[in-house]
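**Q** For what it's worth, the numbering used here labels the leading residue of the sequence shown as 1, then goes sequentially. For each residue, glycine too, the CB sits at the ideal point set by N, CA and C.
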Amino acid sequence: MKNLSFFSREEQDIASELNNNIDLSSSKNILTNFLTVLESNVLKKLAGQYNISKLEFFGGFEDAERVRAKVIVNEYYDISYNIVCLSSKFNSKFHSIKHKDVLGAVHNLGINYNRIGDIIVDNEQIFIFVDEQIASYIMLNLSRIGKAILNFEIIDNLENITITKEYKSTEIVASSFRLDIIVAKITNKSRSKVKEFLQKDYIKLNHIVINNGEKTCSVGDVISIRKYGRFVLKDFKQNNKTLKYRITVDKLV
Numbered sequence: 001m002k003n004l005s006f007f008s009r010e011e012q013d014i015a016s017e018l019n020n021n022i023d024l025s026s027s028k029n030i031l032t033n034f035l036t037v038l039e040s041n042v043l044k045k046l047a048g049q050y051n052i053s054k055l056e057f058f059g060g061f062e063d064a065e066r067v068r069a070k071v072i073v074n075e076y077y078d079i080s081y082n083i084v085c086l087s088s089k090f091n092s093k094f095h096s097i098k099h100k101d102v103l104g105a106v107h108n109l110g111i112n113y114n115r116i117g118d119i120i121v122d123n124e125q126i127f128i129f130v131d132e133q134i135a136s137y138i139m140l141n142l143s144r145i146g147k148a149i150l151n152f153e154i155i156d157n158l159e160n161i162t163i164t165k166e167y168k169s170t171e172i173v174a175s176s177f178r179l180d181i182i183v184a185k186i187t188n189k190s191r192s193k194v195k196e197f198l199q200k201d202y203i204k205l206n207h208i209v210i211n212n213g214e215k216t217c218s219v220g221d222v223i224s225i226r227k228y229g230r231f232v233l234k235d236f237k238q239n240n241k242t243l244k245y246r247i248t249v250d251k252l253v
C-alpha cells in the first residue's frame with residue numbers, strides 16, 4: 001500500500017478502494033469503471049506514486065462529471081474508453097422526467113452505478129452514458145419510466161452530441177466567504193441549521209464532505225447541499241462602506 005497520509009480522511013477511504021480495485025503497478029494499460037469527480041482527483045494523486053506514463057479521462061462528452069480513466073503504462077498500445085450514449089425522446093406535455101427518475105429506473109435494473117456515466121435530461125430527450133458492455137441490456141429492459149414509453153437507441157458518434165449544462169444565476173450578500181455563511185445565504189437558513197447540515201454530512205465543497213463551517217470558499221468553488229442542489233461561486237464585488245460581499249452564485253438546474 002502506497003503512502004496515503006497526505007489524503008484527507010474521506011480521500012483515504014477512496015484511495016484504499018481504488019488501490020483494491022485498480023492494479024496501478026500493472027505493466028498493462030488499464031481502463032477503469034466510471035469515477036466520480038472526487039475519485040478522479042484521488043486517482044490523479046495516486047498515479048503520481050506509480051510508474052504511469054499517462055492518465056487520461058473521458059466521460060463521453062466535454063465537461064462530463066463521471067468519467068472513465070485510461071491508465072497508460074505502454075504508450076505504444078492505446079485502449080478504447082468503451083463508452084456509448086443511449087438516448088430516448090419523450091413528450092414533456094404528458095410526462096415529467098427528471099434526472100432522479102432515470103437514475104432510479106437504471107438502479108432498478110440491478111446495474112452497478114460504476115457502469116453508468118452522466119445522465120442528462122435535456123428538454124424532451126434523455127442521454128445515458130454507459131459502459132458499452134451493458135448498453136444492450138439497458139435498451140432491452142429500460143422501456144418505461146413512470147407512464148412514459150421509451151425507446152433507447154445508441155448514438156453512433158459521440159462527437160455529434162452537444163450537451164450544455166444550464167445554470168440559474170443569483171446574487172447573495174455575505175459578510176465573508178466562510179462556508180457556513182455562504183450556505184446560510186444560499187438556503188435562507190439560520191447558521192444553527194447550517195451547522196446541523198454540516199454535522200449530517202449534507203454539505204460538500206468541491207465534492208468533498210465538509211463538517212467545518214469555518215472553511216473559507218473561493219471563486220470557482222462548487223458547493224453541493226443535499227436537497228438544495230449544486231452551486232458555483234462565480235464572481236463577487238465588495239462594498240467599500242459595509243465591506244460586505246455581493247457574490248454571484250450559479251445553480252445547476
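Could you please give me the residues that DSSP links to Ile119 through a beta bridge?
**A** Its beta-bridge partners are Ile128.
**Q** On the DSSP bridge assignment, give the partners of Ala174 in chain order.
**A** Tyr245.
**Q** Could you give the first and the last residue of the continuous alpha helix (DSSP H) run that contains Asn33?
**A** Looking at the DSSP string, Asn33 is not in any alpha helix (DSSP H); the run it does join, the beta strand (DSSP E), is 30-35.
**Q** For Ala69 and Phe57, which I take to be in contact (beta-carbon distance under 8 angstroms), what is that distance rounded to the nearest angstrom?
**A** Yes, they are in contact, since the Cβ atoms of Ala69 and Phe57 sit about 5 angstroms apart, within 8 angstroms.
**Q** Using a 10 Å radius around the Cβ and a threshold of 16 neighbouring Cβ atoms, would you call Leu142 buried or exposed?
**A** So Leu142 counts as buried.
**Q** Looking at C-alpha atoms only, which residue of Leu86, Glu171, Asn29, Ile138 is the closest neighbour of Ile111?
**A** Checking every option, the nearest Cα to that of Ile111 belongs to Ile138.
**Q** Within its chain, find whatever has a CB closer than 6 angstroms to the CB of Asn114; leave out the 5 residues flanking it on each side and keep chain order.
**A** So the list reads Asn33, Phe34, once near-sequence residues are dropped.
**Q** Check whether the Cβ atoms of Ile163 and Phe231 sit closer than 7 angstroms, and answer yes or no.
**A** No, Cβ-Cβ distance for Ile163 and Phe231 is not below 7 angstroms.
**Q** Among the candidates Glu65, Leu252, Asn19, whose CA atom is the shortest distance from the CA of Ser169?
**A** Ranking Glu65, Leu252, Asn19 by Cα distance to Ser169 puts Leu252 first.
**Q** What is the C-beta distance between Tyr167 and Asp250, in whole angstroms, given that I count them as a contact (C-beta under 8 angstroms)?
**A** That pair is a contact at about 4 angstroms.
**Q** In whole angstroms, give me the CA-to-CA distance for Asp221 and His207.
**A** Rounded to the nearest angstrom, the two C-alpha atoms are 10 angstroms apart.
**Q** Consult DSSP for Lys193 and reduce its assignment to one of helix, strand or coil.
**A** If DSSP states are grouped into helix, strand and coil, Lys193 belongs with the helices.
**Q** Just mark Phe127 as buried or exposed, buried being the case when its beta carbon has 16 or more other beta carbons within 10 Å.
**A** So Phe127 counts as buried.
**Q** Nearest-angstrom Cα distance between Lys54 and Asn108?
**A** So the alpha carbons of these two residues sit roughly 36 angstroms apart.
**Q** Specify the secondary structure class of Thr187 as computed by DSSP and reduced to three states.
**A** Here Thr187 sits in helix by DSSP.
**Q** Quick check on the DSSP output: what are the complete beta strand (DSSP E) runs of length 3 or more inside the region 53-98, in order along the chain?
**A** Segments of the beta strand (DSSP E) lying fully in the region 53-98: 54-58, 67-72, 83-89.
**Q** Do you know whose CA, among Leu86, Ile210, Glu196, Asn123, lies nearest Asn157's CA?
**A** When each option's Cα is compared against that of Asn157, the closest is Leu86.
**Q** Would Ile134 pass as a contact of Ile247 if the rule is Cβ separation under 7 angstroms?
**A** For Ile134 and Ile247, no; Cβs fall outside 7 angstroms.
**Q** Kindly give me the distance between the Cβ atoms of Ile145 and Ala105, rounded to whole angstroms, as I take these residues to be in contact under 8 angstroms.
**A** About 5 angstroms separates the two Cβ atoms, so the contact holds.
**Q** Is the beta carbon of Ile79 sitting closer than 7 angstroms to the one on Asn21?
**A** In this structure, Asn21 does not lie closer than 7 angstroms to Ile79 by Cβ.
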